[in-house]
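Q: Position one of the sequence shown corresponds to residue 1 (UniProt numbering), numbered consecutively onward.
Beta carbons are placed, not taken as given, at the ideal position from N, Cα and C, and that holds for glycine.
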Amino acid sequence: MTDELDTIFDCRRSGIKYPPQSKEGKEVPVLICLAGFPDSASVWEPLISQKELQSTHHIVALGLPGMHRDSLPDDHRWGYSPMEILVELHKVVTKVQEMHPEKKPTIDLCAHDWGSIYAYIYVQQHPEIIRKFVSLDIGLMEANEMPFGNTLKTVAYFLCFALAFIVRNLISASIASKVIELYPWKSIGPMTSVDTRIFLQTPKNNPHTCYPYFQFIKGKLTKLDLKNPITFDKIKSVPHLFLFGTKKDINYHSSVFLHNLDQTPGCSWKSFDGGHWFYADPKHSQEVATVMSTFFQLG
Numbered sequence: 001m002t003d004e005l006d007t008i009f010d011c012r013r014s015g016i017k018y019p020p021q022s023k024e025g026k027e028v029p030v031l032i033c034l035a036g037f038p039d040s041a042s043v044w045e046p047l048i049s050q051k052e053l054q055s056t057h058h059i060v061a062l063g064l065p066g067m068h069r070d071s072l073p074d075d076h077r078w079g080y081s082p083m084e085i086l087v088e089l090h091k092v093v094t095k096v097q098e099m100h101p102e103k104k105p106t107i108d109l110c111a112h113d114w115g116s117i118y119a120y121i122y123v124q125q126h127p128e129i130i131r132k133f134v135s136l137d138i139g140l141m142e143a144n145e146m147p148f149g150n151t152l153k154t155v156a157y158f159l160c161f162a163l164a165f166i167v168r169n170l171i172s173a174s175i176a177s178k179v180i181e182l183y184p185w186k187s188i189g190p191m192t193s194v195d196t197r198i199f200l201q202t203p204k205n206n207p208h209t210c211y212p213y214f215q216f217i218k219g220k221l222t223k224l225d226l227k228n229p230i231t232f233d234k235i236k237s238v239p240h241l242f243l244f245g246t247k248k249d250i251n252y253h254s255s256v257f258l259h260n261l262d263q264t265p266g267c268s269w270k271s272f273d274g275g276h277w278f279y280a281d282p283k284h285s286q287e288v289a290t291v292m293s294t295f296f297q298l299g
């Protein structure tokens, strides 16, 4: 059924059949999950296969364009801009809504890593469409809320991935892989050693997946990035659950953000004893699904 959506995203569908074939006529909400770098839609499988979500939602799991392929198409050899991804995400939402013959379904949104960054912007742009939003591992913070050392680490590894992407396009993929391999990840990387090995496996083999970093820096340098910064005030009308792993060298959320969630009705947060992909870890995926299901069912 994935071909019905006709999207550039890597796409998998799961959960309750949609449109719903319910004798009771109950509405079946749709959960759209957007992965980040460098993951395909398959990264969602440990989470969306849990009965807590399978039994309540029709699930559309997405991976960013190109992450599941060996290369990017010629017309997007420099990757997909944030605006292109947001436009495509809105197309998916619209198509899902159109599949119901009588009533637009409730749309819940879940995202991780770069998917979270795009999802925050989408929620800010379309608060009337998204009923509830779950962000995994990436929250909100002002630039001055990040410790200076973490800022330097972030800038450094962003530049590494962006450079690798440029080298891949202009010289060769093998040299681009060396750029990634030679970076001192252990000393100035964002993750623990276990997560770093997983984190680097895909981009070293397929450096075209590094395009979000290139597009981000390109947007900053050319001032063509999205003009409206993401702020909590602009998204707080949409109930928001933030879940994150504690075993990381850098957290991309602030204590102010957690306080804002605590003080806002319908919003909450929870930490897990895991790393960047805690939600896909068999030790945590069922608990994450339970927490999400409870959040979705609360009035």
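Taking just the CA atoms, how far does L31 sit from A61?
A: In the sequence shown, residue 61 corresponds to position 61, counting from 1. In the sequence shown, residue 31 corresponds to position 31, counting from 1. So the two alpha carbons sit approximately 8 Å from each other.
Q: Alpha carbon to alpha carbon, how far is F148 from K270?
A: For the purposes of this step, residue 148 is taken as the residue at position 148 of the sequence shown. For the purposes of this step, residue 270 is taken as the residue at position 270 of the sequence shown. Going from the Cα of F148 to the Cα of K270 covers about 25 Å.
Q: Go through its chain and collect everything with a Cβ distance to I16's Cβ below 6 Å, but skip five positions before and after it.
A: Stepping through the sequence shown from its first residue, residue 16 is reached at position 16. Cβ neighbours of I16 beyond the five flanking positions: V28 and H58.
Q: Taking all protein chains shown into account, decide if F296 is buried (16 or more other Cβ within 10 angstroms of its Cβ) or exposed.
A: The count along the sequence shown starts at 1 and reaches residue 296 at position 296. With 16 or more Cβ atoms within 10 Å of its Cβ, F296 is classed as buried.
Q: Closest to W114 by CA distance: which of H276, S14 and N144 is it?
A: Along the sequence shown, read from residue 1 onward, the residue named residue 114 stands at position 114. When only C-alpha atoms are compared, the closest one is H276.
Q: Assuming M83 and Y252 make a contact with CB atoms under 8 Å, what is their CB distance in whole Å?
A: Within the sequence shown, residue 83 is the residue found at index 83, counting from 1. Within the sequence shown, residue 252 is the residue found at index 252, counting from 1. Between Y252 and M83 the Cβ distance is about 22 Å, and since that is not below 8 Å, they are no contact.
Q: Helix, strand or coil for H57 per DSSP?
A: Here residue 57 is taken as the residue at index 57 of the sequence shown, counted from 1. Looking at H57 - three-state DSSP - the assignment turns out to be coil, as it is neither helix nor strand.
Q: Please return the same chain residues whose Cβ sits closer than 7 Å to the Cβ of D75, not counting the five positions on each side in sequence.
A: Counting from 1 along the sequence shown, the entry for residue 75 is found at position 75. Answer for D75: no residue qualifies.
Q: Checking 8 Å against the spacing of the C-beta atoms, do G63 and L72 come in under that value?
A: For the purposes of this step, residue 63 is taken as residue 63 along the sequence shown, with counting starting at 1. For the purposes of this step, residue 72 is taken as residue 72 along the sequence shown, with counting starting at 1. Not closer than 8 Å, so no.
Q: Assign E52 to buried or exposed, taking buried as 16 or more other Cβ atoms, counted over all protein chains shown, within 10 Å of its Cβ.
A: The count along the sequence shown starts at 1 and reaches residue 52 at position 52. Under this definition E52 is a buried residue.
Q: Could you check what DSSP says for V155 in three-state terms: helix, strand or coil?
A: Residue 155 sits at position 155 when you count from the first residue of the sequence shown. Note: V155 maps to helix in three-state DSSP.
Q: Quick check on L34: buried or exposed, where buried means 16 or more other Cβ atoms within 10 Å of its Cβ?
A: Indexing the sequence shown from 1 puts residue 34 at position 34. With 16 or more Cβ atoms within 10 Å of its Cβ, L34 is classed as buried.
Q: Can you tell me where the alpha helix (DSSP H) holding I85 begins and where it ends?
A: For the purposes of this step, residue 85 is identified with residue 85 of the sequence shown, where counting begins at 1. Looking at the DSSP string, the run of the alpha helix (DSSP H) that includes I85 is P82 to E98.
Q: Looking only at C-alpha atoms, which of Y118, H90 and I130 sits nearest to I107?
A: Against the sequence shown, residue 107 aligns to sequence position 107. The candidate whose alpha carbon is nearest that of I107 is I130.
Q: Is it right to say Q201 is buried, meaning 16 or more other beta carbons lie within 10 angstroms of its own, or is it exposed?
A: Counting from 1 along the sequence shown, the entry for residue 201 is found at position 201. Exposed, because fewer than 16 other Cβ atoms sit within 10 Å of the Cβ of Q201.
Q: Determine the contact status of T209 and K91, defining contact as a CB-CB distance below 8 Å.
A: Locating residue 209 in the sequence shown gives position 209, counting from the first residue. Locating residue 91 in the sequence shown gives position 91, counting from the first residue. For T209 and K91, no; Cβs fall outside 8 Å.
Q: For P38, is the classification buried or exposed, using 16 other Cβ atoms within 10 angstroms of its Cβ as the cut-off for buried?
A: Translated into positions along the sequence shown, residue 38 becomes position 38. P38 comes out buried.
Q: Does the separation of the CB atoms of I250 and P190 fall below 8 Å?
A: Mapped onto the sequence shown, residue 250 falls at position 250. Mapped onto the sequence shown, residue 190 falls at position 190. Their beta carbons are under 8 Å apart, which means I250 touches P190 by this criterion.
Q: Rounded to a whole number of angstroms, what is the C-alpha to C-alpha distance between R13 and A119?
A: As a position in the sequence shown, residue 13 is number 13, starting the count at 1. As a position in the sequence shown, residue 119 is number 119, starting the count at 1. If I take the Cα positions, the gap works out to 19 Å.
Q: Going by C-alpha to C-alpha distance, which of H240, P282, T94 and S285 sits closest to T264?
A: Here residue 264 refers to the residue found at position 264 when the sequence shown is read from its first residue. Of H240, P282, T94 and S285, the residue nearest in Cα terms is H240.
Q: So, are the CB atoms of K204 and E181 less than 8 Å apart?
A: In the sequence shown, residue 204 corresponds to position 204, counting from 1. In the sequence shown, residue 181 corresponds to position 181, counting from 1. Contact: yes.
Q: Measuring CA to CA, which of T246, T231, F272 and P212 is closest to S81?
A: Here residue 81 refers to the residue found at position 81 of the sequence shown. Comparing Cα positions, the closest option is P212.
Q: Considering only residues of the same chain and omitting the five flanking positions on each side of S285, which have a CB-CB separation below 7 Å?
A: Translated into the one-based positions of the sequence shown, residue 285 becomes position 285. Closer than 7 Å at the Cβ level, and outside the excluded window around S285, lie P46, L47, Q50 and Y279.
Q: Nearest by alpha-carbon distance to I235: which of C110, A162 and P127 is it?
A: Stepping through the sequence shown from its first residue, residue 235 is reached at position 235. I235 has its Cα closest to that of P127, out of C110, A162 and P127.
Q: Just the Cα atoms here: how many angstroms apart are F133 and K248?
A: The sequence position of residue 133 within the sequence shown is 133, counting from 1. The sequence position of residue 248 within the sequence shown is 248, counting from 1. Their backbone Cα atoms lie some 23 Å apart in a straight line.
Q: Taking M67 as the reference, which of R197, S174, T222 and V43 has the closest Cα?
A: In the sequence shown, residue 67 corresponds to position 67, counting from 1. The residue with the shortest Cα to Cα distance from M67 is V43.
Q: Take E98 as the anchor and find which of S293, L5, K220 and T222 has the nearest alpha-carbon.
A: For the purposes of this step, residue 98 is identified with residue 98 of the sequence shown, where counting begins at 1. It is L5.
Q: Would DSSP call C160 helix, strand or coil?
A: The residue given as residue 160 occupies position 160 in the sequence shown. C160 falls in the helix class under three-state DSSP.
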